[in-house]
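**Q**
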Amino acid sequence: MLRNTAVETVEQELLFVGEENGKLVAIRDIIKKGFLPPMLVFVQSIERARELFHELVYEGINVDVIHAERTQQQRDNVVNSFRSGKIWVLICTALLARGIDFKGVNLVLNYDFPTSAVEYIHRIGRTGRAGHQGKAITFFTENDKPLLRSIANVIKQAGCPVPDYMIGFKKIHSKVKRRLEKKPPSRSTICTTPRFLMKKKVKAEKTEHKKGPNSKQKGENGPQTAQQHGKKTKGK
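Residue numbers are given in the numbering used here: position 65 of the sequence shown equals residue 93, and the series is strictly consecutive.
1. Drop a sphere of 10 angstroms on the beta-carbon of L108, count the other beta-carbons inside from all chains shown, and report buried for 16 or more, exposed for fewer.
2. If you draw a straight line from the alpha carbon of L208 to that of R215, how long is it in whole angstroms?
3. To the nearest angstrom, how far is the alpha carbon of L68 from that of T166?
4. Would you check if the distance between the CB atom of D92 and the CB atom of I74 is smaller than 8 Å?
5. Mapping the DSSP letters down to three states, classify G50 as helix, strand or coil.
6. Restricting to Cα atoms, I'd like to know which of E36, N181, I200 is closest to M194.
7. In the DSSP output, which residue or residues are listed as bridge partners for I165?
8. State the beta-bridge partners of C120 as determined by DSSP.
9. Residues in the same chain with beta-carbon distance under 8 Å from P241, minus the five sequence neighbours each way, listed in chain order, please.
10. Would you call P189 buried or exposed, if buried means 16 or more other Cβ atoms sit within 10 Å of its Cβ?
11. Just to confirm the assignment, what range does the alpha helix (DSSP H) spanning L175 have?
12. Check whether the Cβ atoms of L135 and L64 lie closer than 8 Å to each other.
13. Where K10 and V45 are concerned, what is the direct C-alpha to C-alpha distance, given to the nearest angstrom?
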């Protein structure tokens, strides 16, 4: 049975968002209603980490992103800023985050559904540490239903409420489970920016990356807000 002391100190919630575009609506709603930072946001790929960063930078919050294509110095700077409270929201891939000790995380948001119960426990274990209470919210869509049952069971074991229908889902075949663990489902883009503009941004970031650890990446030299991008947020 999957047990973890971190899991038992975390308030866990599964949130149905419909389709992929519902995730962006949901995370903006969380930000609008207010949350206790810092928040760690998990996505399944570097591309999606970049895309979400470029969407959230206009929400009037201190946000940054960490992934394998940033230099070690840039990663260290981001982690230090996150720990010191300069960054409120940090977007990351699960693979990279495993080797980093994040402290004092109040909210973990699984923007993209974890590929296994073990992965889920690793992610939400970033909050609720040292006896402190934490919170974890996991978005899911219709496409995530094959893996929903295993995550729902972990949540139920921790004493958090889970709808009965989730526990009643048919158990998936072990071969399908292993395939999903190795290759997450393909998802539609997060980006609402025109594709050609996004490609220009990514190309500029990669060029800066090649220049070395002392160079700044355009669009990812955080923490940043919309004002630093030259655009005002609503109500500001």
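Where is the CB? At the ideal position from N, CA and C, for every residue including glycine.
**A** For this structure:
1. Note that residue 108 is Asn in the sequence shown here, rather than Leu. The residue is exposed, with fewer than 16 neighbouring Cβ atoms inside 10 Å.
2. 13 Å
3. 12 Å
4. no
5. helix
6. N181
7. E41, L137
8. F70, I94
9. Here the model assigns P241 a pLDDT of 43, short of 50, so the residue's position is not dependable, and the following value carries that caveat. Once the five neighbours on either side are set aside, the close Cβ partners of P241 are T99, Q100, Q101, Q102.
10. exposed
11. 173 to 185
12. yes
13. The displayed coordinates of the chain run from 29 to 264. Any statement about residue 10 would go beyond what the structure contains.
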